[in-house]
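Let me begin by presenting the structure, written as structure tokens, before commenting on it.
2 protein chains.
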Amino acid sequence: MNQKVALGIDVGGTKFLGVAVGEKGEVLVECRKPTPDNPKSILEALTEILFEIRAQLPSTALIEGVGVGIPGLIDFRGNVHYAPNLNGCNGLELGFELKSRLDFPVVIDNDATCAAVAEHLLGAAKNCNDALVFTLGTGIGGGIIAGGKVVRGAEGFAGEVGHMAVDPDGPLCPCGKKGCWELYASGSGLRYLAIQAGEEGHLKNILHHKGGKLFDIRGEDITEAALTGDIGAQTVMERFGRWLALGMANLACVFDPKLIVLGGGLVQAGDLILASVAPFFDQMVEGWRYRPTIPVVLAELGEAAGAVGAALLAKEIA
Amino acid sequence: MNQKVALGIDVGGTKFLGVAVGEKGEVLVECRKPTPDNPKSILEALTEILFEIRAQLPSTALIEGVGVGIPGLIDFRGNVHYAPNLNGCNGLELGFELKSRLDFPVVIDNDATCAAVAEHLLGAAKNCNDALVFTLGTGIGGGIIAGGKVVRGAEGFAGEVGHMAVDPDGPLCPCGKKGCWELYASGSGLRYLAIQAGEEGHLKNILHHKGGKLFDIRGEDITEAALTGDIGAQTVMERFGRWLALGMANLACVFDPKLIVLGGGLVQAGDLILASVAPFFDQMVEGWRYRPTIPVVLAELGEAAGAVGAALLAKEIA
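Chains D and A, in that order, are what the protein sequence lines are.
Residues 278 to 595, numbered by the numbering used here, are exactly what the first sequence covers, in order.
Residues 278 to 595, numbered by the numbering used here, are exactly what the second sequence covers, in order.
Structure representation (structure tokens):
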């Protein structure tokens, strides 16, 4: 019998992560590709990665559908209204474009919504009716399960938690506001905090190894150095943890979740991220002495949660 | 035939507002009382106001049930876990206490949730599946309608939007965090901003009329003076509008509502509040150029929305 397979692509600000999942959502194939810098190349790269995944599947596999997760404002028809982390894609009719290029049913949704669907159906938030899933990548995405349902909003734009302003005197966000949460508590936020700490003289050891170039510093340099005990890197992680906890606690007050799940590229440094949040989060939730503690866990599907969720949404419409 | 009636009380930080509503939710009786400063007196005052309302109803009226809206963390059994604006009420088993004092079915819920229920069923958010209702009183409450359902959270604590931190360097909130939204954009927030502006020398005219006592200043002094064209009061209203818009836009990013409804005691100065928010709100919503504008309107049930919603919830369980 032919195996039914769904394909899912998580389009990140820096890379695509594509998967093929089997009938129980198990990942059969995984594939990566850098994110191009313009819509035409993004469309081409999307069809390429789909064919690359397909080439790795048995020829008997029956492809049910394709799901694509995109960071930003995606409406119910798969139109990209606003995607600040994808160059030039505002206004792209991605659903229409992909459907005209592919022979499979296509579904497009917000990347963090996809991750929440995957974690809710198969991962850390299984059987949990009230869960928040935050994807920490180039920005911060949010997928919200409330009362057992995905919160989608009036246009499909719900969950844009990264653009919650948490510091009116903060730096300018590409979205036009000041002090958005993702400026501090995402992958790029970690880099921002590192540069700030470097300018304050906290990162001498790391800069010594990097040849002194502060602006070459990457989030990974900080997480790796923090794990080896570098005090400067640990200072950065502490600041990062405080900012991450602040936004998580804000949304815990708003949603009263049973569970918070952290996913996205940054969770490759998962335990370090959890440890950086732990000293702050609980006590930042209003009335924390008088309510159950909200557990914070890592996405069980790890970095692939968005891609797997996109594939699961494609199965739903198949 | 006996008329079926439900009673609802909105327990505010400064006053009780009680109503009796008829079969279509129409308000038959309205009654006010100051909020006492301890749980025993609050319980007594609650039963008193219920009897006062009953005394104003025709003797043939059939009371179906009683609903009570409380600011803070109220669980599904009507236990008050945390209510920073009600002195000494943390831990009060209000559902149990009221049921043992009254012969009617009793339901207890968060006050802003009650307001959202009323506006959703009868008011400004009628037929709207995705709406945010903010009640601006001593604090800021939030009632959330998403996908046509009230968002309640795992314990019933959802909607505590007032304790979203929006300024990490802000003043200390009684909840223990710094810079909570309600410190700036509630009734007490308006007073805080007024005192700040007074200290900066902006309120000379108003202080002249008040005998120079800055700490005697009330929110109403500001709204009244702003309407008569006082520049200092208008400065305060502008700052207030910016803070209110900031939190509203944060939650618009998170929920993607079709509509935002403002209720609570402050909407007595309704048009002034709307005018103070208007210059800021739209452009603070992520991707505002690429998405529909989110209308901001006043609660149609006005200040009584919470009490009416509590009564409607009592009808539901009756």
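Built from N, CA and C at the ideal position, the CB exists for glycine as well.
Since we're looking at a predicted model, the values are computed, not measured.
Along chain A, which residues have their Cβ under 9 Å away from the Cβ of residue i?
i              : result
A576 (chain D) : None at all; the shortest Cβ gap to chain A is about 19 Å.
In chain D, which residues lie less than 7 Å from residue i when you measure between Cβ atoms?
i              : result
L523 (chain A) : A442, P445
K535 (chain A) : A431
G488 (chain A) : The contacting residues do not exist; G488 (chain A) stays about 34 Å from chain D at best.
G518 (chain A) : In chain order: nothing, as chain D lies at least about 13 Å away.
G400 (chain A) : Per Cβ cutoff of 7 Å: no residues; G400 (chain A) is ~18 Å from chain D at best.
Listing by chain order, which chain A residues have their CB less than 7 Å from the CB of residue i?
i              : result
P569 (chain D) : E432
M561 (chain D) : K454
D407 (chain D) : G430, A431
N527 (chain D) : M441, A442
G295 (chain D) : By Cβ distance, chain A contributes nothing, its closest Cβ being about 26 Å from G295 (chain D), past 7 Å.
G540 (chain D) : Within 7 Å Cβ-Cβ: nothing; G540 (chain D) doesn't reach chain A, min ~17 Å.
Quick one: what's got a C-beta closer than 7 Å to residue i's C-beta in the same chain, skipping five residues either side?
i              : result
D559 (chain A) : W565, T570
P316 (chain D) : G365, C366, L369
R519 (chain A) : F557
L334 (chain D) : V282, A297, L305, V306
A402 (chain A) : E396, A408, V410, I422, L536, V538
V544 (chain A) : L413, I550, L575, A576, G579, E580
G372 (chain D) : R354, G355, N356, V383, I385
T512 (chain D) : A474, H479
Span of the alpha helix (DSSP H) holding residue i?
i              : result
Y461 (chain A) : 459 to 462
H486 (chain A) : 481 to 486
G547 (chain A) : 547 to 561
L371 (chain D) : 371 to 378
L504 (chain D) : 496 to 504
E321 (chain D) : 316 to 332
I'd like the list of long-range same chain contacts for residue i, defined as Cβ closer than 6 Å, with 5 residues on each side in sequence excluded.
i              : result
K481 (chain A) : none
C391 (chain D) : G346, G583, G586, A587
L578 (chain D) : A395, G400, V585
F517 (chain A) : L467, L470, S553
P382 (chain A) : G342, I594, A595
P311 (chain D) : K292
F307 (chain D) : At residue 307 (chain D) the sequence reads Glu, which differs from the Phe that was named. Counting only Cβ-Cβ distances below 6 Å, and skipping sequence neighbours, we find V296.
G529 (chain D) : At residue 529 (chain D) the sequence reads Ala, which differs from the Gly that was named. Here the set comprises V562, I571.
I319 (chain A) : P313
C450 (chain A) : C457, L460
G541 (chain A) : T412, L413, G414
N362 (chain A) : G290, P348, T415, G416
Under 8 Å Cβ to Cβ from residue i, same chain only, skipping five residues before and after it: list those, please.
i              : result
L327 (chain D) : L284, I286, G295, V343, L379
V428 (chain D) : I421, I422, A435, G436
A352 (chain D) : Correcting the residue type first, residue 352 (chain D) is Asp in the shown sequence and not Ala. Result list for D352 (chain D): H358, E432, G433, F434, in chain order.
L323 (chain A) : I286, V288, F293, V345, L375
M441 (chain D) : C457, W458, G524, N527, L528
L491 (chain D) : I472, G475, E476, L480, L484
Going by DSSP, what residues sit across from residue i in a beta bridge?
i              : result
P311 (chain D) : D:K292
D386 (chain A) : A:G346
A526 (chain A) : Paired residues: none, contrary to the question.
L339 (chain D) : D:K281
L413 (chain D) : D:I417
K592 (chain D) : DSSP output for K592 (chain D) lists no bridge partner at all.
D287 (chain D) : D:L294, D:G346
V304 (chain D) : D:V298
L449 (chain A) : A:K455
K426 (chain A) : A:A423
I351 (chain A) : A:V357
A442 (chain D) : D:C457
A408 (chain D) : D:I422, D:L536
I want to verify the contact list: residues of chain D whose CB lies under 8 Å from the CB of residue i, in sequence order.
i              : result
F532 (chain A) : V428, G430, A435
Listing by chain order, which chain A residues have their CB less than 8 Å from the CB of residue i?
i              : result
L491 (chain D) : Simply none; closest approach about 24 Å.
Note the first and the last residue of the continuous beta strand (DSSP E) segment covering residue i.
i              : result
I537 (chain A) : 536 to 540
L575 (chain D) : 573 to 575
Y359 (chain A) : 357 to 359
### Query
Listed in chain order, which residues of the region 354 to 379 of chain A have Cβ atoms closer than 7 Å to some Cβ of chain D?
H358, Y359, N367
### Message
Tell me which residues of the region 414 to 439 of chain D have at least one Cβ-Cβ distance to chain A shorter than 9 Å, keeping chain order.
### Response
G419, I421, A423, G424, K426, V427, V428, R429, G430, A431, E432, G433, F434, A435, G436, E437, V438, G439
### Task
With 9 Å as the limit, tell me which residues of the region 460 to 473 of chain A have their beta carbon closer than that to any beta carbon of chain D; keep them in chain order.
none
#### Entry: Against chain A: residues of the region 334 to 356 of chain D by CB proximity under 8 Å
G349, L350
### Message
At a CB distance below 9 Å, what residues from the region 290 to 315 of chain A approach chain D? Give them in sequence order.
### Response
none
### Message
Along the region 578 to 589 of chain A, where does the CB come closer than 9 Å to a CB of chain D? Name the residues.
### Response
none
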